[in-house]
Amino acid sequence: MNLKVNRQDYQVEDTPDRLLLWVLRDELGLTGTKFGCGIGICGSCTVHLDGSPTRACITMLSAANNMEVRTIEGLAETDSAGEPVLHPVQKAFLDEQVPQCSWCMSGQMMTAVALLEQNPNPNADEIRQAMNSVYCRCGTYYRIRKAVERAAQLKAVEQ
Ligand code: FES
Ligand code: FES
446 MNLKVNRQDY
456 QVEDTPDRLL
466 LWVLRDELGL
476 TGTKFGCGIG
486 ICGSCTVHLD
496 GSPTRACITM
506 LSAANNMEVR
516 TIEGLAETDS
526 AGEPVLHPVQ
536 KAFLDEQVPQ
546 CSWCMSGQMM
556 TAVALLEQNP
566 NPNADEIRQA
576 MNSVYCRCGT
586 YYRIRKAVER
596 AAQLKAVEQ
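Residue 485 in our numbering is what sits at position 40 of the sequence shown, and the numbering runs on without skipping anything.
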């Protein structure tokens with residue numbers, strides 16, 4: 446089947462037991478998406494399917510057919526000089542010094558990006574509700590919430 450990831454097309458073999466997470470990590474080398482619980486609870490494997498946050502560890506590859514998959518590797522853009530330009534959410538997470546061990550971070554950022562694409566100016570409760578779906582064993586929740594607020598401000602300035 447054709448798998449579209451981060452605006453690129455890949456031909457991958459579809460068998461009924463293939464999970465999206467392992468195709469991304471093991472076949473395409475997109476190891477920014479992490480494996481945590483493997484049962485759809487922790488959120489560390491979150492990617493986007495047509496813009497919706499999706500747990501890749503419990504998503505069959507076939508579910509991504511004819512959909513746009515976006516992973517953490519697809520967030521940054523490239524400027525005219527070929528230099529990477531971080532997504533506002535990535536900038537905000539760095540500015541707020543959110544990461545500790547970083548294991549949950551791609552899931553956190555993909556969840557934050559989806560939130561801000563659906564709701565560019567979320568209030569504190571909306572941020573808490575969206576971000577509570579991704580666990581951080583290092584307990585960075587306060588800084589995550591501050592980073593999402595900062596990302597919303599950065600996005601507003603860029604628009
Ligand atoms: S590894 Fe997918 S939700 Fe935990
Ligand atoms: S930064 Fe370590 S699990 Fe979140």
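All C-beta atoms, glycine included, are put in the ideal place defined by N, C-alpha and C.
Quantities reported herein were computed from a predicted structural model and do not represent experimental measurements.
| task | Just grab the DSSP bridge partners of threonine 476 for me. | result | Bridge partners of threonine 476: none, in fact.
| request: Leaving aside the five residues before and after lysine 600 along the sequence, list all residues of the same chain whose C-beta is less than 7 angstroms from its C-beta, in chain order. | output: Pro533, Leu561, Pro565
| query | At a cut-off of 7 angstroms, is arginine 588 close to ligand 2 when judged by its beta-carbon and the heavy atoms of the ligand? | reply | no
| task | Could you name each continuous alpha helix (DSSP H) segment of 4 residues or more that falls completely within the segment 518-591, going from the start of the chain to the end? | result | 533-540, 550-563, 569-576
| Quick one: is the Cβ of threonine 572 within less than 7 angstroms of any heavy atom of ligand 1? | The residue you asked about is not threonine; residue 572 is isoleucine in the sequence shown. Outside the cutoff, so no.
| field | Neighbourhood of threonine 523 by C-beta distance below 8 angstroms, restricted to the same chain and skipping five residues each side | value | Pro529, Val530
| field | the segment 485-498 touching the segment 533-542, judged by at least three CB pairs closer than 8 angstroms | value | no
| said: Please classify isoleucine 484 as buried or exposed, where buried requires at least 16 neighbouring CB atoms within 10 angstroms. | reply: exposed
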